[in-house]
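Structure record follows, encoded as structure tokens.
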Amino acid sequence: MDHSAFPAIDIDRLHVSYGSQPVLHGVNLSVAAGEFIAILGSSGCGKTTLLRTIAGFQKATDGAIRLFGRDVVNMPPEKRGMAMMFQSYALWPHMTVLGNVGYGLRLRGIARDEIRQRVAAILKMLNLSGLEDRKVTNLSGGQRQRVALGRALAIEPEILLLDEPLSNLDAKVRIQLRSEIKSLQNRLGFTAIHVTHDREEAMTMADRIVVMDAGRIAQIGSPKEVFDHPSSPFVASFMGAENTIALDVRPAADGVEVSVENGRSASWNGSGVMGPVTAYFRDDVASLDDPDALIDGSIILPGRITQRTYPGGHYRYVVAIKDRHFTVTDDRYHELDRAVGLRLPLASLHLFPTLETPGETHA
Amino acid sequence: MTRPSFFGLILIAPALAMIAALFLYPLGFSLVSAFTVPGGGFSLTHFEKAIDLYSTDILFTLFIVILSTLLTAAISIAIAGALTLGETPWLIASLRFLYRWPLFIPFIVAAQCMRTFLAKNGLMNNSLVAMGVLEPLQTTSFLDWRGIVITFVWKQVPFVTLMLAGAMASIDRATIEAGRNLGASRLRVLFEIVLPQVTQTLLVGLVLSFVTMLSVLSVPMMVAGSQPTMMTVDMAFRINSYGDYATANALGVISYAIAGAVAWIYLRHNVKREVGA
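So the sequence lines, in the order shown, correspond to chains C and Y.
Plus 74 on top of the position in the first sequence (first one is 1) and you've got my numbering.
Plus 1350 on top of the position in the second sequence (first one is 1) and you've got my numbering.
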């Protein structure tokens, strides 16, 4: 079968409802063969529903799912030929490691001896050699999820679905398994869709990130694109730019002039939206400066230091600007209550037109 | 630390007394009566008599109860499996609504209904004739061993299904989905993934059903009056017609032995599981 002409997964105007409650409102997504896609979103955004619909556990109300050009939207899960990893590991407690990893091969009618050989090879790849006859209930969390990975990979799937498989593991094992899955994917070349609410996990593993919000795709792009150029305030704040300030952007002789509520302004040679805007920024773009400094391309917000902690390597300060508080890190030691300027480089801010809705919060 | 255990004994004393008076004493009495002759000495004459007169009925009882237990298991697995793995909501809802009804119907009422349903000119045969499946001359009465088995299965399936469906509902759904995801049909998922995780519950349900069916008097008496019949009918007959408690008690001990053997199989399975785990 010639696969190359088609995307591995092509999702076309997919609608899913739970009863009368619509969950996905027309999702379009095309995944190339061998690509690693992370679906990122807060809980309830529909990311798990999307994955379960691809796997066939959730019925679509409308739209198509094509795997290498073949529409599977009405096919039962067992006919779709994918493999999946679950948050709860979902290992079968009544079987040994061999039984679990070899089950998919047994379903495919492969001889017992060959199953043993192939399982041994997979366990070796996952550093689980010699555990074939161990009960899965006697394994640690990390080992269990490795067995689950082995079970999924044993059938040599073209598509691997990952439903938050790392979120039950402790931090160290999580990071280790993250890189193992990624390197196995590079080596074996399967297409992967990984659902997660962990931004860093999505950033480090995926070729492309899909950010979902309320049953729709908010943005698709490479990790750098989504991180540096969020397409909406939602994506910006989801990618960590959770601080906001209101600014006013006006055309000036040389570029634009950006002013803050209190009247201070800075000229900037950037361009983009005009008028009242809301700027979204991450903690790490802000820095401390002199409260009266005037720097082109940066705005300075005068405030006071109200809190200082030393998490290691640098100091972390909380700066109060009027009734708002911002966190900023700085290498130097400053006394509490000192007047400082919070410096925000305009190029690092994400500017979006301020919505005219009443009750808009700036917190 | 004698004081706490002393108080503990006082606390459980009323319960212990109840068990001793209402269970242990009659049990011991019937055991003694089964193994002694009126003069007072130990004897197996009652057993010789029981086996002499009723060995066919003992085998018949075993046959009925084992067959009913096996059929109950098969049907309960089918219903609980459909409830767990089914994908047609209205079908599951109606099955869930219907299957429990026999739970609330006493054995004697069930037996009474079966008499009119399974008779030669009963509802079942009349319906089959009306549908053209049978000719009127081909109809036969099911009021023999088949009637007993049908009544027992009809009565015990809801009980075992209730336990089994509950256990199946509480296993991790993702283990089912993982199986289907790797390519297992729903039937294979039922037998290779779901059922092995609920064997314990299935066994408990079947052991309890087995013992219940072993001790029912009304069904064999009402559904199949003729010979051979079940041991409970024989025991009632020995007592009511002859006042022969000794032989009835001997038959009772044989019943205990059969129930005990089943309990032993269940316990052995438990121990094996614990060793394996």
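Cβ atoms here follow ideal geometry from the backbone N, Cα and C, with glycine treated the same way.
Asked, Found
"Any alpha helix (DSSP H) of 4 or more consecutive residues that is wholly inside the stretch 1378–1446 of chain Y", "1395–1435"
"CB contact below 9 Å: Y/Arg1496 versus chain C", "no"
"Rounded straight-line distance, which links the Cα of C/Leu98 to that of C/Arg180", "36 Å"
"Within-9 Å CB hit, Y/Val1476 to chain C", "Sequence check: residue 1476 of chain Y is Asn here, not Val. It does not: the Cβ of Y/Asn1476 has no partner Cβ on chain C nearer than 9 Å."
"Spatial distance of Y/Trp1495 from Y/Ile1615 (CA atoms)", "26 Å"
"Cross-chain neighbours of C/Gly289 in chain Y, by beta carbon under 8 Å", "Simply none; closest approach about 22 Å."
"Three-state secondary structure assigned by DSSP to Y/Ser1605", "helix"
"Cβ-Cβ distance between C/Ile291 and C/Leu418 below 9 Å", "no"
"Chain-ordered chain Y contacts of C/Ile229 [CB-CB under 9 Å]", "Leu1532 and Gly1533"
"7 Å Cβ cut-off: residues of chain C touching Y/Ile1543", "Trp166"
"Y/Pro1486: contacting residues in chain C (beta-carbon distance under 7 Å)", "Within 7 Å Cβ-Cβ: nothing; Y/Pro1486 doesn't reach chain C, min ~46 Å."
"Between the CA atoms of C/Ala106 and C/Ile249 - distance to the nearest angstrom", "26 Å"
"Residues, ordered as in the chain, of the stretch 1406–1425 of chain Y that lie near chain C by beta-carbon distance below 8 Å", "none"
"Inter-stretch contact (C-beta, 8 Å, three-pair minimum) for the stretch 223–240 of chain C and the stretch 150–159 of chain C", "yes"
"Contact set between the stretch 297–316 of chain C and chain Y, restricted to residues whose Cβ is under 9 Å from the partner", "none"
"Backbone CA spacing between C/Asp404 and C/His424 [nearest angstrom]", "22 Å"
"Status (buried if at least 16 other CB within 10 Å, exposed otherwise) for Y/Lys1622", "exposed"
"Cross-strand partners of C/Pro427 (DSSP beta bridge)", "C/Val351"
"As assigned by DSSP and simplified to three states, the class of C/Met286", "strand"
"Short CB-CB distance (under 9 Å) between Y/Thr1525 and chain C", "yes"
"Y/Ile1414 beta carbon less than 9 Å from that of Y/Phe1502", "yes"
"Closer than 9 Å to chain C by CB, Y/Arg1538", "yes"
"Spatial neighbours of C/Met348 in its chain, beta-carbon cut-off 6 Å, leaving aside the 5 residues before and after", "Val323"
"Collapsed DSSP secondary structure at Y/Gly1472 in the structure displayed", "coil"
"C/Glu331 - containing alpha helix (DSSP H), residue span", "Taken as a continuous stretch (DSSP letters only), C/Glu331 belongs to no alpha helix (DSSP H), being part of the beta strand (DSSP E) at Val330 to Val334."
"Supposed contact pair C/Ala112 and C/Ala276 - C-beta distance, whole angstroms, cut 8 Å", "4 Å"
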